[in-house]
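Residue numbers (the working numbering): 9 to 251. Note sheet for the following structure.
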Amino acid sequence: MTSYTPDSSSNDFETLYRAAINSDEVGGVARDTAQKVVERFFENKNDGQLSDLTAQIQEAAGDRNIDRILKLTEELKRAKDTEHERAMRLVKFAEEFTFQELLQAFPSDFKDLAYEIGLLVIQHTQQGIAKSKRRGGSASGSRRVSRHKYLISRGDQTIEAVSNVGSPKKPGAEREFFEFMGFTVSEDGRSLQPPTFVNIKGETVTIVSKKAVIEDLMAGHDAWLSKGYSIKVQEQTPEPSGA
């Protein structure tokens, strides 16, 4: 996976964040961690009084309790007025003080939040690393790569497919696989019909390989699923990269 480089020309960090979250270049661990951090910052700290009163009014309406509805409606109005006054005070407060002054005024609160966010990042990153190690096996041997064995099914038919190492083989060497996936292999084994396919990202794959087809199926592309194909990883075995 390539590293994600944001558009440094923009200072709209919300837009940059949303672009990163939706980018295919950003891994699942990074995406999940970022979302957790943002959710923590915007977590609702209100006591839920307005929601509680609204729910009680709905319950009273269901019981047709007019007196209780009127009483609760008055309470809801007072609560909304209080909330509005509080919001106006916060606006005035923000106009009078800078963020740096807020940090100085509430050092303990911001310090606790900073450490909590830091711990959250560590925990989710470690979880992602652990999952990656379980999937990829030991990364100690740079001269060894992992070959996955897949079971691909359609209807009552199933074939076994092993991921290739190195350069893609000619279609003729993978005739059973490609024909099972709906391609036609030429007699000399050099070409496929159709010669291309559109992957889950909407990109036209011009060099059709077994790896490209398997990755697209593993990604859950509806073009395959709608034809009844399914896939699962049977096992993973390390082999020398020169195999």
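We put the CB at the ideal spot given by N, CA and C, even for glycine.
Cβ atoms of Ile77 and Ala87 stay farther apart than 8 Å, at about 15 Å. The three-state reading of DSSP puts Lys235 in coil, since its state is none of H, G, I, E or B.
Between Ser199 and Pro176, the C-beta gap is not smaller than 9 Å, which leaves the two residues out of contact.
Within the same chain, no residue comes within 6 Å of Lys119 by CB-CB distance, once the 5 residues on both sides are set aside. By the neighbour-count criterion, in which 16 or more other beta carbons inside 10 Å mark a residue as buried, Ala63 falls on the exposed side.
Contact between Met226 and Ile239 is confirmed by a C-beta separation of about 6 Å, below the 8 Å threshold. Runs of the beta strand (DSSP E) lying entirely within the region 61 to 109 and spanning at least 3 residues: none are present.
Rounded to the nearest angstrom, the gap between the Cα atoms of Pro115 and Glu109 is 10 Å. A residue is called buried once 16 or more other Cβ atoms fall within 10 Å of its Cβ, and Ile222 is buried on that count. Segment contact: the region 202 to 210 against the region 154 to 165, fewer than three CB-CB distances shorter than 8 Å; contact not assigned. The C-beta separation of Arg183 from Gly163 comes to about 20 Å, leaving the pair out of contact by the 8 Å criterion. In the same chain as Lys44, and ignoring 5 residues on each side of it, the C-beta atoms closer than 8 Å to its own belong to Leu128, His132, in chain order.
Using a Cβ distance threshold of 9 Å, Lys219 and Ser171 count as a contacting pair.
Residue burial is scored here from C-beta neighbours: Ile74 has fewer than 16 other C-beta atoms within 10 angstroms and is therefore classed as exposed. If you look at Thr166, you'll find it isn't in any alpha helix (DSSP H); it sits in the beta strand (DSSP E) that goes 165 to 170. In this structure, DSSP gives Ser31 a state outside helix and strand, which the three-state scheme calls coil. The closest CA to that of Glu47, considering only Ile125, Gln165, Ser234, is found on Ile125. For Ser217, the closest C-alpha among the options Gln242, His229, Asn30, Phe191 is that of Phe191.
The C-alpha of Leu84 lies about 7 Å from the C-alpha of Leu58.
With a cutoff of 9 Å on beta-carbon distance, Ala42 and Ala28 are scored as near each other. Per DSSP, the beta-bridge partners of Tyr158 are Ala169, Val241. Of the candidates Glu93, Asp40, Leu24, Glu168, Glu168 places its Cα closest to the Cα of Val241. By the C-beta density criterion, Met96 is exposed, having fewer than 16 other C-beta atoms within 10 angstroms. Leu111 and Glu93 have their C-alpha atoms some 24 Å from each other.
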